[in-house]
Amino acid sequence: MRKVLTDLVFGHDWAANLLARSMASQRIPQSLLVTGPPQIGKATLARTFAMALNCQSEEKPCGQCNSCKKTLSGNHPDINILDAPQETLKIEQVRALQRDLSLRPHESPYKIVVLCDFERATSSAANALLKTLEEPPSYAVIILSAQNSSQLLPTIVSRCQIINLRPVADQVIITKLQTHWRASAEQAELIGRLAQGRLGWAVEALENPDALSLRHQYLDDLIDLSGKGHASRLAYAHSLAQKKESPAQALNLWLSWWRDVLLLNQGAKAKIVNIDYADKAQHFAQTVTLDNIIAAIKQTYTTLGNLNYNVNTRLNLEVLLLKLPYLK
Ligand SMILES: [Zn+2]
């Protein structure tokens, strides 16, 4: 059983083993909170555990039995997964889940609810769920995911067993991309480094070339802006704030860029992420002072954090861009 669960949850063996042991000893946590950066594998772990809990075979999850097939196709009557990262999770949805949870499972040992990105829940929705976490029906398993437990009500967090997923080693991602997703060695190497430990991101980048071309655009923009003055930077902040793709995407990339520049500035070339931009990053590393590189990293972090708190996006980006280093 242990091996099967681990096989499906790449790179998070300890978490899969922990859950497999809870099944073997029949001490299933009724409330779980899986935390970690976006696309690191939180939803995959939650879905795989849900599938394992209701699997009808000895080797759980088998992926073959009726229950597993229904889970995989998203049609399991006893497994309810709410995974729509862009939408707010409202109290009506939590109430509907609670009504459903009050009925015994149709055909399985467990009735499972997976609420992905629970930080998007309104406070009334979170408070409503608290009642269920306090007194769950014996057959219920509730799995929440969030980037960071500090984004949730402490009363919610304290009632959950927490599984904090950490970035997966680059080499694990590079190997998996080649063995499971048929990436070429060159593709796997670049994407594996860019992924920064997030296998979900790596697979998406491999299957969706748009993600990589967007990366080129945002990196080129940053390099270009570094040679420009106030007016161009303000105009860019305005256009980025209006983009449908979240400005956070650009900022995360820029953060990886400044980290590379910092590493190069310190002579640690082997560890850089954007290997295809090494020459340009090297130029920055030699031109920008260490203080300015660190200031750029700090300011980008601050701006990213602010984006989560509904501040004025354009103003937030303007402040960042005006503070970034000016290259001659
Ligand atoms: Zn099965």
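In terms of my numbering, the sequence shown is residues 1020 to 1347.
All C-beta atoms, glycine included, are put in the ideal place defined by N, C-alpha and C.
Predicted, not measured: the structure shown is a model, and the values here were computed from it.
Does DSSP put residue i in a helix, a strand or coil?
i, result
"THR1107", "coil"
"SER1275", "helix"
"ALA1140", "strand"
"ASN1331", "coil"
"LEU1130", "Rather than Leu, the amino acid found at residue 1130 in this sequence is Lys. DSSP places LYS1130 in strand when its eight states are reduced to three."
"VAL1113", "helix"
"SER1050", "strand"
"LEU1336", "helix"
"LEU1064", "helix"
"LEU1346", "coil"
"GLN1184", "The displayed chain sequence assigns Leu, not Gln, to residue 1184. LEU1184 falls in the coil class under three-state DSSP."
"LEU969", "Only positions 1020 to 1347 of the chain appear in the structure, and residue 969 is not among them; the question remains open."
"MET1020", "Residue placement at MET1020 is poorly supported in this model, since its pLDDT is 44, which falls under 50; the coordinates still yield a value, given next. Coil."
"LEU1341", "helix"
Considering just the uninterrupted stretch of the beta strand (DSSP E) at residue i, what are its terminal residues?
i, result
"ALA1159", "1159 to 1165"
"ASN1094", "No beta strand (DSSP E) holds ASN1094; DSSP gives it neither H nor E."
Applying the criterion that 16 or more other CB atoms from any shown protein chain within 10 Å of the CB defines a buried residue, is residue i buried or exposed?
i, result
"LYS1079", "buried"
"GLU1337", "buried"
"PRO1156", "exposed"
"HIS1257", "exposed"
"GLN1105", "exposed"
"ARG1353", "The displayed coordinates of the chain run from 1020 to 1347. Any statement about residue 1353 would go beyond what the structure contains."
"PRO1276", "Residue 1276 is actually Trp in this sequence, not Pro. It counts as buried."
"GLY1359", "In the structure displayed, the chain extends from 1020 to 1347; residue 1359 sits before or after that span and is not available."
"TRP1033", "exposed"
"PRO1266", "buried"
"ASN1331", "exposed"
For the alpha helix (DSSP H) that residue i lies in, which residues bound it at each end?
i, result
"ILE1177", "Here residue 1177 is Ser; the residue named in the question, Ile, does not match the sequence. SER1177 -> no alpha helix (DSSP H), and no H or E assigned at all."
Can the beta-carbon of residue i be found less than 7 angstroms from the beta-carbon of residue j?
i, j, result
"GLN1058", "ARG1217", "yes"
"ILE1100", "VAL1133", "yes"
"ILE1161", "SER1086", "no"
"ARG1201", "ALA1260", "no"
"SER1346", "GLY1246", "Reading off the sequence shown, one finds Leu at residue 1346, where the question assumed Ser. Yes."
Check: Should the segment 1137 to 1145 be regarded as contacting the segment 1162 to 1179, the criterion being three or more beta carbon pairs within less than 8 angstroms?
Finding: Contact holds: three or more Cβ-Cβ distances are below 8 angstroms.
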